[in-house]
């Protein structure tokens, strides 16, 4: 509960409309951003603990307990930047559905490589596609990223209040992206 | 005259290669194209000595023009097609671009806009909008939501509880859009809704039109208390804003039909505004087999 306090405090301050509409001094806007960032980082401790609890529950009958997994929420996805997918050849994408009914969702992950494959836990290939990140995004001031494309795939039927994970491998196999047509 | 067509469940997006013009057909059975482009209003500059002479600023939207200025009539476009998604990448200027996305299994069209840094070297503050237009008779009426709950009817140049004399026809018709804005033509039986990923200002200043404010950069304070112009910078340059609009629409089904447009809009709003959380974990230390 202590780990939630920073976010609680930030959200308490954020109740005022000045916090989000630009009708505050710039230094105040920047201070809100700082407070929110600290709050979100501290909340990561809770989400990590909660997810690892979920993963462990799924392995109760196994003789080998599930290893602790470090989950990164990639807060710079809004500028198509993510440290995990850029630095790791292989990575796991975990999608949690906070709704009380199943939903499907298209996932977009910024990547630096040319070919990737996506698998679900049942070793089934998930259809994916690489799309170049527009130059205007690559040139956003303050974007420090090696990602030049986004890997897109569909997470189908995420269970209510549950999760699905996908294993992404950078591979040498020709991807669907190379089969995509590009016309100008 | 060559056309490139992107298509998903009930929607069609057509790009005319020679002109760069894009048309959205939200109901592929009806020949009713929806046009979209980006414009900007220049902010009024006043001396702030009295109310009618206040500058456009953080608190008030007070454009100089009644008709916004087009950023670029003909964007440069690139098309990407694949098994999951089809996209048109449009560049309108060095500070305005957009990606139009048609996901194969979805029933809406996604428009991801990117604005900034808005140039102000000409000493003009600018307020950038995205405007949608379609040939519909909407009788000056449009709908915006109230904190993501019920839709409220808005009538152009009208207030329900007093006789209003509108002297600023653009800003006086702007309303908060928390998650969606829509127009309806009850004769043609067609509805068009635009869902936002954040609270924005929006209006319908002409029949069959929807406009949404995306980003503002102003160089004068409006004297309502901030004492700073709305001129934010990061890394020494004006801010860049990136966001999404989801366009959904088509024929309004008869009462009782399932799924109705309203139901589709609500489902889309839930999926986008309460979107699943995505987490990434490095997996270089274990194989797929170990993970599975």
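Chains as they are written, first to last, in my numbering: chain U, 1 to 184; chain X, 1001 to 1292.
Cβ coordinates follow ideal geometry from the N, Cα and C atoms, glycine included.
So, under 8 Å CB-CB, residue 1108 of chain X and residue 1268 of chain X are touching, yes? Tell me the CB distance rounded to an integer number of Å.
6 Å
Euclidean distance between Cα positions of residue 1246 of chain X and residue 1111 of chain X:
6 Å
Residues of chain X with CB closer than 7 Å to the CB of residue 3 of chain U, please, in chain order.
Those within 7 Å of residue 3 of chain U in chain X number zero; the least Cβ separation is about 17 Å.
Please report the residue range of the alpha helix (DSSP H) in which residue 8 of chain U lies.
5-13
Excluding the 5 residues preceding and the 5 following residue 178 of chain U in the sequence, name in chain order all residues of the same chain whose CB lies nearer than 6 Å to its CB.
Note that residue 178 of chain U has pLDDT 44, beneath the 50 cutoff, so the model's placement of it is unreliable and the number below is only indicative. Nothing meets the Cβ criterion.
Given 8 Å, three or more beta-carbon pairs between the segment 103-115 of chain U and the segment 146-156 of chain U
yes
Does residue 1284 of chain X get closer than 7 Å to chain U when you measure Cβ to Cβ?
yes
Spatially closest choice to residue 80 of chain U from U:136, U:16, U:2, by CA coordinates
U:136
Cα-Cα separation between residue 1126 of chain X and residue 1275 of chain X, rounded to whole angstroms:
32 Å
Taking a contact to mean a Cβ-Cβ separation below 7 Å, would you say residue 1215 of chain X touches residue 1241 of chain X in this structure?
yes
Thinking residue 1192 of chain X and residue 1034 of chain X are a contact (beta carbons under 8 Å), I'd like their distance in whole angstroms, please.
6 Å
Under the three-state reduction of DSSP, which class applies to residue 1010 of chain X: helix, strand or coil?
coil
Check this for me: beta carbons of residue 147 of chain U and residue 86 of chain U, under 7 Å apart or not?
yes
Do the segment 1031-1048 of chain X and the segment 1131-1139 of chain X touch if we need at least three Cβ pairs shorter than 8 Å?
yes
Under 9 Å by beta carbon: chain X residues contacting residue 15 of chain U:
The premise fails here: residue 15 of chain U is roughly 14 Å from chain X at the closest Cβ pair, so nothing lies under 9 Å.
Can we say the segment 1057-1069 of chain X touches the segment 1017-1030 of chain X, given the rule of at least three CB pairs closer than 8 Å?
no
Show which residues of chain X have a CB atom less than 9 Å away from the CB atom of residue 161 of chain U.
Per Cβ cutoff of 9 Å: no residues; residue 161 of chain U is ~11 Å from chain X at best.
What residue range is occupied by the uninterrupted beta strand (DSSP E) comprising residue 1242 of chain X?
1241-1251
From X:1264, X:1226, X:1211, residue whose alpha carbon lies closest to that of residue 27 of chain U:
X:1226
What residue does the beta strand (DSSP E) around residue 1264 of chain X start on, and which one ends it?
No beta strand (DSSP E) holds residue 1264 of chain X; the alpha helix (DSSP H) holding it covers 1261-1273.
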